[in-house]
Each structure stands twice: as structure tokens, then as C-alpha cells.
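Position one of the sequence shown corresponds to residue 1 (UniProt numbering), numbered consecutively onward.
Reading through the C-alpha cells given below for one structure.
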Amino acid sequence: MGCVQGKGAAYSPPRTATLERLKQDGGYVRVEKEAEERRISRESERKHGSQRISVKKIVAVDETTTTVDGWPRWLVENVKPDALAGLVPKTADSYDKLAKVGHGTYSNVYKARERVTGKIVALKKVRLDTSEPESVKFMAREIIILKKLDHPNIIKLEGIATSRMQYSLYLVFDFMPSDLTKVLSRLTEPQAKSYMMQLLSGLQHCHDKGILHRDIKGSNLLIDKDGVLKIADFGLANCYKNKPRRPLTSRVVTLWYRAPELLLGATDYGVGIDLWSAGCILAEMFVGRPIMPGRNEIEQLHKIFKLCGSPSEAYWKTVNPPATFRPPQQYKANLEEAFPRFPKSALGLLSKLLSLDPANRGSAASSLRDEFFLASPLPCAPTALANRSRKVSFIGEDAYDKPETESSSSSPPPSPTPAAFRVLHNRAAKTEAHPNALKNIKNYPLLLASLTEAANHLKESNSGLYRRSLSHVDFRDLDLHNISKLFGLDNHNSPPSLA
């Protein structure tokens, strides 16, 4: 609690000249002239100091409003020219934010509408701290990498918008209504093959360009309205073919999808880390959930060894990890025991992608030639994956529950079909209407989604909400009468046709 020096009370006795003189002689108080000079000096200092601060603020604001070729000066001075070359400067005022749909350490993602065209876009707001060169470097690297990539299965950078707020900008992308995590538990085998083929096609393009994504996971695999998968979020991506080779950080990739060599601290790695993540995604599409959800790095590594087997002694000598990273016992690879209902072709590709030795994982191109994509049932075309029912969005935000009206002129043209799909298009299994329509389930039953979970809900809730939660194994074991029960139908009604 601060103290305030106030005036003497009205009843205070007057101070005598002798007492005042004694205080001055003893140095307890200053003479009036000196005190007055000190007071004037302090006031002058505050006044001039305030003016200096005001001038500094004006200069800072002036720097942000000064542009170079349409870009803010602070941006031009902190990024390489390559990052901005070929991009048209825009301002954040060109867009109306509709909803916040995601966030990260250095960024937030918004659904927005471009004011002039009415086009719905995604704005990734990047917060920069010029006192930390790493944040600026990561942002510039992400822009440069996105500009290098041009593929139907990779998100395309549409532009950059700058904000009036200092050290803040927006990366502009086409808005994607869904991602792979929203549909994992509702996929048929042709659909899983289709998404896996698209993922590997996008990774092949990245690796051909010398780029590692380093954060492949379901939430970074977006799905557009035409059913096309797009690899997104290149915030951790980096080039790996630079010469001379330099060490890379091992602190990349979300834990559940992180390759064992990264968990053991490797700094010299290649495409194998992305392929490992792709293998985790492949198994996840069949199981309907993450297959190795470790709580920390040691537990994650032990889950890997239990599933894929323990490394050889020669492997341990090359990595020389801490003792805590070694499993307490030797494990044998047990993919077949862990996933007994997987198709043989899927197990073959899975065992390849989840090899402990990254050299045995091959490449994205070799994986695309795997028997998995040639065995029946064939992958369905991307157009068959499109969700035509737009009543409720996958995202789950309140702002998305309302139908959106967009002009046809502002809608982007359909994405081109990858060459790998054109080869199989005539023989591909067609998925009519909704990707999990009942007539499709009859031909290609759902993958290993949990019947137990659905059955528990059926006792308390409307069965119609869970009619797409059955696995193909459950359908083998059920007759038509039991199937009708599980779908909430009586004996006198025939199964409805879903649009």
C-alpha cells in the first residue's frame, strides 16, 4: 500500500524558522530553491521522455504502413525475396471472418469469405515475433515450400494477406469442409484404398521435390467437396536433399505417428519418416482409431516394438540409445495377430511401411505399385467419395450448421484426377451418393468399426444414428433378420434406400 504526502492539517502548529534552519543545516531537507529546481527538472524529464516515446510510436506505425511493392516494410525486411515472388499483395480487410476452425502454437485458422468474389476460403493467421528469428524463418520456409508444390493432393497456397496489426499475416487457402479424422470410422475398403492412394500420390510429389512433410496425421489430410484428399500444414516441412547435408531436428511429427528413428534421436533421415506416418494412417483407416497412442516417447517406442518387433543388436549399436529406450524383453513382429481381419494385401503394405529399418520402407512411388491397390476390391474414384449431403458439416462448428449460398462463378473448378486414378477408373468400385450408403455397405462392408460401441448406444438412443458403425466381420455373422434389427427396422419393413 503506497504512501501519499499531503498538506499539513489546519490545526498543525506553525513551524519556526529555527527548526527549519536546523533541518537544512543537517541535510534533512533541501532549500526551497534546490527543491524547486529538482521539481522543474523532473517535470522537464517526464515531458521530454513522453515526447520521445510518442515519436517512437509514430515511427513504428509509420514503418508498418510503409510498403515495398505492396508489401509491408517489416515483412520485406524479414523474409527472403523468393518467399514473396509471384504473389499478389492483399490485405486482411479483403476478407470477412466467419468462424475459427483451428489453432496451433504460432497460428490460428479461420473460415472466411472474400468480400469481392464471395468465395469461401481458409485464412491461416501467422503470428510473428521478429525478436525470435526462428518464427520468421519457419513462416518464410512454409511459403517457399508451398510455392514449390503443385499437385491435386496437396493444398495450394492461393495468396498472402497482410494485417494492419504489426508482424501478423494470413496465408490464404481454399476452404476444405472436412479432414480424414472425421471419416475414419465410416470407410469401406475401396474408400480406404482411394484415400491411401491419394496420400501416397501427394507424398510422392513432395519427395520428388526434395521436401519432407514431417507431420502426416489425419487432421492434416483435408478433404474437399469433391472427395479429393489434400495434404496440408507444411509448418514443419523441410528440404532434405540440400548439399552439403546438414543435421535435421528429431523433434518433428506428432507422437502417435512418429517413426522409431526419430524417437531415438536421429538427425539424418529421409522419406522413411513420412512413409511410417502413412503406414499408421493406413492401419487407422481399417481400425477406425489410432493404433499406437503412446503417452510419452518411451511408451510410444515400446508400443512400436510390441507391434513391429524388437530391433536387432546391430540396429541398437548404430543408434546407441539410452537404456530406458530398450524394451524390457524381446518382441516378435505380430501384425497378423494384432490385425487378424485385415486383407492380406493390406497387411503386406502395412508391414512394409512399418518396418523398423527406414531403408525397408521403400518409397511412395513403390508403395503405389503395391498389390494392395490392384487386389479386389479396387479403389473407388475420388468423385465417389464426395459427401453430397451438406445439411450438417463434418467440422461441427455452429457456423457450419447453416447451409451456405455461394455463386457458381466464385466456385473453383473441380480438381484434376491424378493419373493413378485414371488408370483404374473404369474398373473402380463406384460409391453411389453418400460414401456409406446402405447399397454400398452390402457390396463392400464397413471396415473394423466397433459394433460393441454401436450396440451399447442402440439400447438407449435412436438406432438410426449408428447404422453405419458395423464392421464387415459383423455382417458375415449376421443374417438378414438380425441386420434389420440393428438398423432399427421391423420384420415388415424393407431397408430404406439412402440418397
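Glycine included, each C-beta is placed from N, C-alpha and C at the ideal position.
{"Item": "Is there at least one non-hydrogen atom of the ligand HEM closer than 8 Å to the beta-carbon of Thr249?", "Value": "Inclusion of the ligand HEM in the displayed structure is not the case, the ligand content being empty and no account of it being possible."}
{"Item": "Helix or strand or just coil, what does DSSP make of Lys391?", "Value": "A caution first: Lys391 carries a pLDDT of 30, below 50, which makes its placement in the model unreliable, though a value can still be read off. It is coil, neither helix nor strand."}
{"Item": "Quick check on Leu98 - is its C-beta less than 9 Å from some C-beta in chain B?", "Value": "As a matter of chain content, chain B is missing from the structure shown, which is built from one protein chain."}
{"Item": "Of all the options Leu350, Trp276, Pro340, Asp357, which has the alpha carbon lying nearest to the alpha carbon of Phe373?", "Value": "Leu350"}
{"Item": "Please specify which runs of the alpha helix (DSSP H), each continuous and at least 4 residues long, are wholly inside the segment 303 to 347, giving them in chain order.", "Value": "313 to 319, 335 to 338"}
{"Item": "Classify Gly202 as buried or exposed, calling it buried when 16 or more other Cβ atoms lie within 10 Å of its own Cβ.", "Value": "buried"}
{"Item": "Curious, which full-length beta strand (DSSP E) runs of at least 3 residues does the segment 209 to 283 contain?", "Value": "221 to 223, 229 to 231"}
{"Item": "Could you give the DSSP three-state label for Leu446: helix, strand or coil?", "Value": "A caution first: Leu446 carries a pLDDT of 49, below 50, which makes its placement in the model unreliable, though a value can still be read off. Leu446 falls in the strand class under three-state DSSP."}
{"Item": "Does the beta-carbon distance from Leu354 to Leu307 come in below 9 Å?", "Value": "yes"}
{"Item": "Indicate the three-state DSSP secondary structure (helix, strand or coil) for Ile298 in the structure shown.", "Value": "helix"}
{"Item": "DSSP three-state label for Ser168, please.", "Value": "strand"}
{"Item": "Quick check on the DSSP output: the beta strand (DSSP E) that includes Pro89 runs from which residue to which?", "Value": "89 to 91"}
{"Item": "Check each candidate in Arg251, Ile211, Phe234, Leu212 and name the one with the smallest Cα separation from Asn220.", "Value": "Phe234"}
{"Item": "Can you say whether Asp96 is buried or exposed, counting buried as having 16 or more other CB atoms within 10 angstroms of its CB?", "Value": "exposed"}
{"Item": "Under 8 Å by Cβ, that's how I've got Gly294 and Gln300 pegged, so tell me the actual separation to the nearest angstrom.", "Value": "3 Å"}
{"Item": "By a C-beta neighbour count over all protein chains shown, 10 Å radius and 16 as the cutoff for buried, is Thr162 buried or exposed?", "Value": "buried"}
{"Item": "Between which two residues does the alpha helix (DSSP H) carrying Asn78 extend?", "Value": "73 to 78"}
{"Item": "How about Tyr315 and Ile281: do their beta carbons lie closer than 9 Å?", "Value": "no"}
{"Item": "For the beta strand (DSSP E) holding Asp69, just list the boundary residues, first then last.", "Value": "Where Asp69 is concerned, there is no enclosing beta strand (DSSP E), given that its DSSP letter is neither H nor E."}
{"Item": "Between which two residues does the alpha helix (DSSP H) containing Ser366 stretch?", "Value": "364 to 368"}
{"Item": "Which residues does DSSP pair with residue 520 in a beta bridge?", "Value": "Only positions 1 to 499 of the chain appear in the structure, and residue 520 is not among them; the question remains open."}
{"Item": "Going straight from the alpha carbon of Val183 to that of Asn153, what length do you get?", "Value": "17 Å"}
{"Item": "For Arg361, name the three-state secondary structure that DSSP assigns.", "Value": "helix"}
{"Item": "By a C-beta neighbour count over all protein chains shown, 10 Å radius and 16 as the cutoff for buried, is Gly244 buried or exposed?", "Value": "Before going on, a small fix: residue 244 reads as Pro here, not Gly. By the neighbour-count rule (16 or more Cβ atoms within 10 Å), Pro244 is not buried but exposed."}
{"Item": "Would you call Gly272 buried or exposed, if buried means 16 or more other Cβ atoms sit within 10 Å of its Cβ?", "Value": "buried"}
{"Item": "Using only the alpha-carbon positions, how far apart do Val77 and Gly86 sit?", "Value": "Looking at the sequence shown, residue 77 is not Val but Glu. Taking the straight line from one Cα to the other gives about 17 Å."}
{"Item": "So what does DSSP say about Thr181, is it helix, strand or coil?", "Value": "helix"}
{"Item": "Mind checking which residues open and close the alpha helix (DSSP H) that includes Ala83?", "Value": "81 to 84"}
{"Item": "By Cβ distance below 6 Å, which residues in the same chain neighbour Glu297 in space, the five residues on each side in sequence not counted?", "Value": "Leu263"}
{"Item": "Hey, would you say Lys225 sits closer than 9 Å to Pro177, going by beta carbons?", "Value": "yes"}
{"Item": "For Thr188, count the other beta carbons within 10 Å of its own beta carbon; 16 or more makes it buried, fewer makes it exposed. Which is it?", "Value": "buried"}
{"Item": "Which same chain residues end up closer than 6 Å to Gly70 when comparing Cβ atoms and leaving out the 5 residues on each side of it in sequence?", "Value": "Pro89"}
{"Item": "Run the CB neighbour count on His103, radius 10 Å, all protein chains shown included, and call it buried at 16 or more, exposed below.", "Value": "exposed"}
{"Item": "CB-CB under 7 Å to Lys241, same chain, minus the five flanking residues each way: which ones, in chain order?", "Value": "Gly210"}
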